[in-house]
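So the protein sequences, as listed, match chains A and B.
Quick note on our numbering: the first sequence kicks off at 2 and runs consecutively.
Quick note on our numbering: the second sequence kicks off at 2 and runs consecutively.
The C-beta atom is built at its ideal place from N, Cα and C for all residues, glycine as well.
Down below is the structure, laid out as structure tokens.
2 protein chains.
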Amino acid sequence: MDLLFLGTSSGTPTKARNVTALALIEETGRDWYLVDCGEGTQHQLLHTSLSPNDLQAIFVTHVHGDHCYGLPGLLASAGMLGRTTPLHIVAPHGIEDWIRSTQRLTQLSLPYELQFTATESLGNWAMGSFLVDAVALSHRVPSYAYRFTEARAEPRLDTEKLASEGVPRGPVWGQLRKGSDAHVGGRLLRSSDYIFYPYAPRRIVVGGDNDRSDLLGDACRQAQLLIHEATHTRDVADKIGNRTGHSCAEAVARFAQDAGVPNLVLTHFSPRYQADAGQSPSIDDVRAEAAAQYRGQLFLADDFSRFRLDKAGRLSRVA
Amino acid sequence: MDLLFLGTSSGTPTKARNVTALALIEETGRDWYLVDCGEGTQHQLLHTSLSPNDLQAIFVTHVHGDHCYGLPGLLASAGMLGRTTPLHIVAPHGIEDWIRSTQRLTQLSLPYELQFTATESLGNWAMGSFLVDAVALSHRVPSYAYRFTEARAEPRLDTEKLASEGVPRGPVWGQLRKGSDAHVGGRLLRSSDYIFYPYAPRRIVVGGDNDRSDLLGDACRQAQLLIHEATHTRDVADKIGNRTGHSCAEAVARFAQDAGVPNLVLTHFSPRYQADAGQSPSIDDVRAEAAAQYRGQLFLADDFSRFRLDKAGRLSRVA
Numbered sequence: 002m003d004l005l006f007l008g009t010s011s012g013t014p015t016k017a018r019n020v021t022a023l024a025l026i027e028e029t030g031r032d033w034y035l036v037d038c039g040e041g042t043q044h045q046l047l048h049t050s051l052s053p054n055d056l057q058a059i060f061v062t063h064v065h066g067d068h069c070y071g072l073p074g075l076l077a078s079a080g081m082l083g084r085t086t087p088l089h090i091v092a093p094h095g096i097e098d099w100i101r102s103t104q105r106l107t108q109l110s111l112p113y114e115l116q117f118t119a120t121e122s123l124g125n126w127a128m129g130s131f132l133v134d135a136v137a138l139s140h141r142v143p144s145y146a147y148r149f150t151e152a153r154a155e156p157r158l159d160t161e162k163l164a165s166e167g168v169p170r171g172p173v174w175g176q177l178r179k180g181s182d183a184h185v186g187g188r189l190l191r192s193s194d195y196i197f198y199p200y201a202p203r204r205i206v207v208g209g210d211n212d213r214s215d216l217l218g219d220a221c222r223q224a225q226l227l228i229h230e231a232t233h234t235r236d237v238a239d240k241i242g243n244r245t246g247h248s249c250a251e252a253v254a255r256f257a258q259d260a261g262v263p264n265l266v267l268t269h270f271s272p273r274y275q276a277d278a279g280q281s282p283s284i285d286d287v288r289a290e291a292a293a294q295y296r297g298q299l300f301l302a303d304d305f306s307r308f309r310l311d312k313a314g315r316l317s318r319v320a
Numbered sequence: 002m003d004l005l006f007l008g009t010s011s012g013t014p015t016k017a018r019n020v021t022a023l024a025l026i027e028e029t030g031r032d033w034y035l036v037d038c039g040e041g042t043q044h045q046l047l048h049t050s051l052s053p054n055d056l057q058a059i060f061v062t063h064v065h066g067d068h069c070y071g072l073p074g075l076l077a078s079a080g081m082l083g084r085t086t087p088l089h090i091v092a093p094h095g096i097e098d099w100i101r102s103t104q105r106l107t108q109l110s111l112p113y114e115l116q117f118t119a120t121e122s123l124g125n126w127a128m129g130s131f132l133v134d135a136v137a138l139s140h141r142v143p144s145y146a147y148r149f150t151e152a153r154a155e156p157r158l159d160t161e162k163l164a165s166e167g168v169p170r171g172p173v174w175g176q177l178r179k180g181s182d183a184h185v186g187g188r189l190l191r192s193s194d195y196i197f198y199p200y201a202p203r204r205i206v207v208g209g210d211n212d213r214s215d216l217l218g219d220a221c222r223q224a225q226l227l228i229h230e231a232t233h234t235r236d237v238a239d240k241i242g243n244r245t246g247h248s249c250a251e252a253v254a255r256f257a258q259d260a261g262v263p264n265l266v267l268t269h270f271s272p273r274y275q276a277d278a279g280q281s282p283s284i285d286d287v288r289a290e291a292a293a294q295y296r297g298q299l300f301l302a303d304d305f306s307r308f309r310l311d312k313a314g315r316l317s318r319v320a
């Protein structure tokens, strides 16, 4: 499964970074999910292979505009591109009302259905190969992290056991592997006795805006990857106080280290951090601050950074 | 006064064209006005010298998303950039409600005031060096053109007349030129008797989406420039019928020819028209169709095309 960052700036877009959006792409490379949808997300998609027609669900972390103002345009364009399949939107209170009033006041009629689910009552939500749940964070408005857990890792058949019990290779093996019980020579063979899962389910936690990463302690158990905002460095965070409700790189990295998460991707950087290390403050200051706290695999996302989490839970950058 | 196109695509953005927005820039090069604000307009501005802090007013032609979905993000970013001066928004019914509900539902509080005027009751509206009025068009929803007329061309003093009447060069001349009457040797000299306007006021008509350019007949009198959508070519317009409420290049060009408008800029092209003349259909098909009807100065706008209308009413492309 791949993660493709479509926007990595906090608050306002810059020439190099759009506001927040992140695509989570299924193993097949076709079906995908979107976490947040800042203005211009549909423009970013034009530079990828992702189609709005294959988008299965949109998860919104909170109502601030830099995380959702791209929704109306993306929905409208999907309609103009001929989408007819329903689209799920999981979002905190406010977003459904906003989309509905936007539709009404701007005469936006869509040729497909929008199916809203309130984040507040999400529970464990099954979607594609994932189970998704949400964790409440701390920000100026209600904000959530979404946790994507592989619903079921690909099962393997215990062929050694079958051979030792004298069950001959044949259609029965396929039946058992698919989860169906089978009768062989008067014996009932239960599928669950002969299949096993060769790897732990993959688990990804994607935070929204948040000034208390420790709230993700439980959610990060058995997660291979945490994606979290690091809007500021410590010095800036200290200067502006916690009125913005954001995290600094140091705090998030220390949390990830303590929680034992093996991979950390930081994003949602204040436009003050310049791409060029020669300028000050630079994005390298953010990186250095996080690296001093965290001994796992650390990445700072750029727009169009693409990461792959393989079945063994290893994360690598693929673009 | 300059015109800078920030988006020239109809409906959806493409890699080369954003959805509609047009900047009208005062002679000074600083204060400017925006006509329409499709999604991503604030992103386009990052590639210009225009600042959201110098934006004086936004005119919205109609409520469709490709003409207004960039508003919330632009307003939010202007706030984050520290704008404090009020901003005028002239827009048809629906837009004020939409912006207000967007502010409420996405917790967008702005550090400056929004002053709304309904296009339906605009009348003659004075703004900077312009008088602005609106003309109702024909589209699927109420749509308007905005006409910008130079409020007062720069006055010149009739020095020959003054000399012939024996009024000596001195502070009185300056007084008269500024519009104040003056007493010279017991005589009252009326300013209006000694000033004249060396050129006709400049006038620009900017249409919204519209399938009947003839509705602009009156508005185009004494206009040096018409900017109008040409979403399709004639063959496509005939094929899809008038259900979209758009114009084809042929009809707009013929109207401009009949109305005697000396300059015509076409924009708002369907994404089907490719930039490369080798592909079909191409934007050159739109150009050829218009050129066959119109003998004035014809331009097809691209994103970041910049035009200058000089005091003599001559239009030239400057970028």
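Using 8 Å as the limit for Cβ to Cβ distance, is residue i near chain A?
i: B:Val-64; result: yes
i: B:Asp-98; result: yes
i: B:Leu-35; result: no
i: B:Val-321; result: In the structure as shown, chain B begins at 2 and stops at 320. Residue 321 of chain B is therefore absent and cannot be evaluated.
i: B:Thr-13; result: yes
i: B:Thr-245; result: no
i: B:His-321; result: Since the first and last residues shown for chain B are 2 and 320, residue 321 of chain B lies out of range.
i: B:His-233; result: no
i: B:Gly-95; result: yes
i: B:Gly-41; result: yes
So, does the CB of residue i fall closer than 8 Å to a CB anywhere in chain B?
i: A:Ala-77; result: yes
i: A:Lys-16; result: yes
i: A:Ser-10; result: no
i: A:Cys-69; result: yes
i: A:Gly-180; result: no
i: A:Ser-52; result: no
i: A:Met-2; result: no
i: A:Pro-1; result: Nothing can be reported for residue 1 of chain A, as the shown portion of chain A is limited to 2 through 320.
i: A:Thr-1; result: Outside the shown range of chain A, which is 2 to 320, sits residue 1 of chain A, and nothing can be said about it.
i: A:Leu-56; result: no
Can you tell which of the options has its C-alpha closest to the C-alpha of residue i?
i: A:Leu-7; options: A:Ser-317, A:Lys-312, A:Phe-305, A:Thr-268; result: A:Phe-305
i: B:Pro-143; options: B:Gln-275, B:Ala-250, B:Arg-213; result: B:Arg-213
i: A:Thr-42; options: A:Lys-16, A:Gly-12, A:Val-91, A:Gly-74; result: A:Gly-74
i: B:Arg-191; options: B:Trp-174, B:Ile-205, B:Pro-199, B:Val-91; result: B:Trp-174
i: B:Ala-291; options: B:Ser-317, B:Ala-313, B:Ala-231, B:Arg-244; result: B:Ala-231
i: A:Ala-79; options: B:Pro-87, B:Asp-134, B:Gly-66, B:Val-91; result: B:Gly-66
i: B:Leu-76; options: B:Thr-21, B:Ile-90, B:Val-64, B:Ala-250; result: B:Ile-90
i: A:Ala-224; options: A:Leu-47, A:Ala-313, A:Ala-119; result: A:Ala-313
i: B:Asp-219; options: B:Cys-38, B:Asp-134, B:Leu-23; result: B:Asp-134
With a threshold of 8 Å on Cβ separation, who are the neighbours of residue i within its own chain once the five nearest residues in sequence on each side are excluded?
i: A:Arg-296; result: Gln-258
i: A:Glu-28; result: Met-2, Ser-130
i: A:Ile-196; result: Pro-156, Arg-157, Leu-158, Asp-159, Leu-177, Arg-178, Gly-180
i: A:Arg-307; result: Asp-3, Leu-4, Leu-5, Phe-6, Arg-318, Val-319, Ala-320
i: B:Arg-31; result: Asp-55
Exposed or buried, residue i, counting other C-beta atoms within 10 Å across all chains shown (16 or more means buried)?
i: B:Ala-260; result: buried
i: A:Pro-14; result: buried
i: A:Thr-107; result: buried
i: B:Asn-125; result: exposed
i: B:Tyr-200; result: exposed
i: B:Ala-127; result: exposed
i: B:Thr-86; result: exposed
i: A:Arg-288; result: buried
i: B:Arg-244; result: exposed
i: B:Gln-52; result: It is worth fixing the name first, because residue 52 of chain B is Ser in this sequence and not Gln. Counting Cβ neighbours within 10 Å, B:Ser-52 comes out exposed, since fewer than 16 surround it.
i: B:Leu-88; result: buried
i: B:Pro-93; result: buried
i: A:Ser-193; result: exposed
Quick one: residues in its chain with C-beta nearer than 6 Å to the C-beta of residue i, no 5 flanking neighbours on either side, listed in chain order?
i: B:Arg-309; result: Asp-3, Ser-317, Val-319
Any chance the CB of residue i is under 7 Å from a heavy atom of the ligand FMN?
i: A:Leu-265; result: With respect to small molecules bound, the structure shown includes none, and the ligand FMN cannot be examined in it.
Excluding the 5 residues preceding and the 5 following residue i in the sequence, name in chain order all residues of the same chain whose CB lies nearer than 7 Å to its CB.
i: A:His-233; result: His-247, Cys-249, Ser-271
i: B:Lys-162; result: Tyr-195
Within 7 Å of chain B by C-beta, residues of the region 105–123 of chain A in sequence order: Considering only beta carbons, the part of the region 105–123 of chain A lying closer than 7 Å to chain B consists of Leu-106, Thr-107, Gln-108, Leu-109, in chain order.
With 8 Å as the C-beta to C-beta threshold (strictly closer), list the residues of the region 266–283 of chain B near chain A in chain order. Cβ contacts with chain A: none found.
Members of the region 129–145 of chain A that neighbour chain E once the beta carbon cut-off is set at 8 Å: Protein chains A and B are contained in the structure displayed, whereas chain E is not.
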